[in-house]
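The sequence shown stops at residue 351 when you use the numbering used here, and every number in between is there.
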Amino acid sequence: MTAAPPLTWLYAPGDRPHVVAKALTAGADVVVVDLEDAVAPDRKAYARAAAAELLGEPQPVPVHVRVNALDSPWGEQDVAAIGPAPGLSGLRLPKVASPAGITHIAHRTTAGLYALLETALAVERAYAIATAHPCLRGIALGEADLRADLGVRDDAGLDWSRSRVVVAARAAGLPPPAQSVHPDIRDLDGLAASCAHGRALGFLGRAAIHPRQLPVIERAFLPTEREIEEAETVVKAAATEQGARALPDGRFVDTAVVTAAQRTLSLARRRVDAPRGAPERVRGPPSNSNVERLIRQGLFSPNPASSLDSSSASSASALLSPSALLSPSAWLSSVLASAVASPPEAGSTTASRPGRVFADTTR
């Protein structure tokens, strides 16, 4: 049987190695080390060196790296340093606008490539990008930049683009795309509703920017017990009869219905690792020597001159606090950490602001 597909993709800033190490135990299916929007320009080289050090050997969970755009001052250096890393499972390419964005670096890594489509032009070329090279493993939207490019005023304005990318991925034989992040880390009800909408559009799984979002995402995309029972009925019927058939309850079953049922049961296998209704699946701590060394050192520094300042160290020591995961600067870290430590009163106009500070920086 094929492995169950990933549902959760947790972003962590590349210039916070201690936070990345802790993210590996947060329960996400994939950890995405971000060298792009979550890292300030003056820390790009540091983040790149830290990521390369971490990925010197395989990790306890798949690790992807989102490099900087190839037309930026840092993108080519990112690919050169990270692409050959033995611990790299996937290279996420932001702001891909044409097939050339894939073919240009396809030979420079053995890891799978993932294209992020963030402009109207990229959405128009979605199928061409999705079929650019066999090493491409998936496509997804970068909704913050796309929203700005399209000038849409509300979430519904992105639905056509979302459907376009889902269709392009499936037509190219790629897995269903994962949804873009929900930027408000406090709004778990909104996250659940958004995931349900994304699932209805054909998405599978979602990127996250904080561990508290992981169980919400997983619950939203896992099949319900009723869906599992119905899928089992369909598969059993298909095993005993050939061709199209009707079930005792009147439902018509053909090959497409059987395929969908098998997909449901593949997802349902994820429940084996935790009782139904458990808040999240828990992974054991990594035994990887690079991770252990990073934790033992407290903070990795490729050279003494680039060591983190005390403000950054304080953010890193917060481990998986929102500020540690999201902030590209000590100032924004302190603002966000303060807001989380002292939540605003219900009904306050600033109630959701901390989770939205980075709405345009992490996808």
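Glycine is no exception: its CB is placed at the ideal position from the N, C-alpha and C atoms.
None of the values given here were measured: they were computed from a predicted structure.
Helix, strand or coil at residue i according to DSSP, with G and I counted as helix
i	result
residue 148	helix
residue 78	strand
residue 55	coil
residue 222	helix
residue -2	strand
residue 245	helix
residue 72	coil
residue 186	helix
residue 45	coil
residue 253	helix
residue 92	coil
residue 83	coil
residue 16	coil
residue 228	helix
residue -7	coil
residue 178	helix
residue 203	helix
residue 140	coil
residue 6	helix
residue 118	helix
Assigned exposure category for residue i - 16 Cβ within 10 Å defines buried
i	result
residue -2	buried
residue 130	buried
residue 196	buried
residue 148	exposed
residue 209	buried
residue 191	buried
residue 247	exposed
residue 3	buried
residue 182	buried
residue 15	buried
residue 186	buried
residue 257	exposed
residue 78	buried
residue 213	exposed
residue 29	exposed
residue 199	buried
residue 193	buried
residue 74	exposed
residue 211	buried
residue 122	exposed
residue 224	exposed
residue 161	exposed
residue 377	Residue 377 lies beyond the residue range present for the chain, which begins at -11 and ends at 351; the question has no answer from this structure.
residue 172	buried
residue 227	exposed
residue 184	exposed
residue 45	exposed
residue 177	exposed
residue 219	buried
residue 136	exposed
C-beta contact flag for residue i and residue j at 8 Å
i	j	result
residue 42	residue 82	no
residue 97	residue 76	yes
residue 180	residue 138	no
residue 216	residue 189	no
residue 66	residue 31	no
residue 102	residue 126	yes
residue 12	residue 205	no
residue 106	residue 146	no
residue 117	residue 154	no
residue 20	residue 54	yes
residue 87	residue 114	no
Paired residues, beta bridge with residue i - DSSP
i	result
residue 104	128
residue 65	DSSP lists no partner for residue 65.
residue 196	-2
residue 22	1 and 54
residue 167	194
Chain B within 8 Å of residue i, Cβ atoms only
i	result
residue 199	No chain B is present in this structure, which holds just one protein chain.
May I ask you to verify whether the stretch 165 to 183 touches the stretch 57 to 73, counting CB pairs closer than 8 Å and requiring at least 3? no
So, do the stretch 79 to 93 and the stretch 31 to 51 have three or more beta carbon pairs nearer to each other than 8 Å? no
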